[in-house]
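Here's the structure we're looking at; comments come further down.
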Amino acid sequence: MRICPGCGAGVPDGGTAFCPYCGRELIDLSREKTDKKIRAVKRAQSETTAVPKKLGLVVAVTLLLLFLLLALVIFLDIPEKMRDAKMESGMDRLSRDMQTAYEKEDWDRLEKYLIDECEVYLDSPDYFLYRTAWFLHTYPSLFDEAYQAHDTEEMLFIYEIMAGDYDMRADDFFFSVYGTDEEVEAALAREVERETAIMAEEGLEDEMYKLRR
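Using the working numbering, read the sequence shown as starting at 39 and increasing by one per residue.
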């Protein structure tokens with residue numbers, strides 16, 4: 039039985055939600071019903087407060103992982119290594135370009151790399167190796183033509199190029215940085231000696247040594 043809070047009449051459980059006598063809404067005040075409602079309210083509150091906690095935990099874990107990842111990247115110096123690898127790959131490509139042209143004796147293409155695009159190909163440690171090879175292909179015959187024509191100015195111009203290239207090798211730093219080839223180095227030394235002897239025969243010692251000071 040439920041008791042109507044309006045008129046105090048007893049009304050059987052489950053029969054109606056309103057008092058048949060006064061029409062007042064009937065309220066179940068039993069302990070079981072009350073406890074059930076209290077449990078439902080507490081469960082809803084618990085679920086509601088759990089959401090921010092879970093979200094906060096996810097955020098905290100994500101930030102921790104990002105921090106650890108950043109620390110690992112800094113510790114391993116990954117950005118620097120990636121830049122170095124990219125730079126090395128680029129230098130290897132430039133060296134392969136020049137090597138291919140040299141092996142195919144494509145002197146026009148090699149000249150394009152060494153002269154027209156020198157700002158780019160200077161990044162290769164083999165730049166001066168292939169430039170010297172191109173010098174040896176190009177200038178000795180021009181020097182001989184100038185000698186036969188008694189063109190002193192042209193002889194001095196070519197000699198300055200060849201001797202200047204040779205004199206770079208006097209610094210040990212050159213060999214620690216740039217690539218070399220024994221055959222090319224020996225050919226350069228012979229050519230400079232040959233041109234030096236010819237210049238001396240022509241009485242051009244003073245002009246010649248001024249160029250090498």
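Note that beta-carbon positions come from the ideal geometry of N, C-alpha and C, so glycine has one too. None of the values given here were measured: they were computed from a predicted structure.
Return helix, strand or coil for residue i, following the three-state DSSP convention.
i, result
"G48", "strand"
"R69", "A caution first: R69 carries a pLDDT of 49, below 50, which makes its placement in the model unreliable, though a value can still be read off. Correct three-state label for R69: helix."
"E220", "helix"
"E143", "coil"
"E155", "coil"
"E240", "coil"
First and last residue of the alpha helix (DSSP H) that includes residue i?
i, result
"H175", "165-186"
"G202", "190-205"
"K248", "243-249"
"F56", "Neither: F56 is in no alpha helix (DSSP H) and is coded neither H nor E."
"D210", "210-215"
With a threshold of 16 other CB atoms inside 10 Å of the CB of residue i, please say whether the residue is buried or exposed.
i, result
"L160", "exposed"
"C60", "exposed"
"D146", "exposed"
"F181", "buried"
"R69", "Summary for R69: the model assigns pLDDT 49, below 50, so the residue's position carries little reliability; its value from the coordinates is reported in the next sentence. By the neighbour-count rule (16 or more Cβ atoms within 10 Å), R69 is not buried but exposed."
"D164", "buried"
"Y247", "exposed"
"I153", "exposed"
"A235", "exposed"
"E233", "buried"
"F211", "exposed"
"L108", "exposed"
"F320", "What the structure shows of the chain is the stretch from 39 to 251, and residue 320 is not part of that stretch, so it cannot be assessed."
"F173", "buried"
"L103", "exposed"
Can you round the beta-carbon distance between residue i and residue j to whole angstroms, since I take them to be within the 8 Å contact cut?
i, j, result
"T170", "V222", "6 Å"
"M237", "M200", "That pair is no contact at about 11 Å."
"T218", "L167", "6 Å"
"L249", "E183", "In fact, because the Cβ distance is near 20 Å, the residues do not count as touching under 8 Å."
"S310", "S162", "Residue 310 is absent from the model: the chain starts at 39 and stops at 251."
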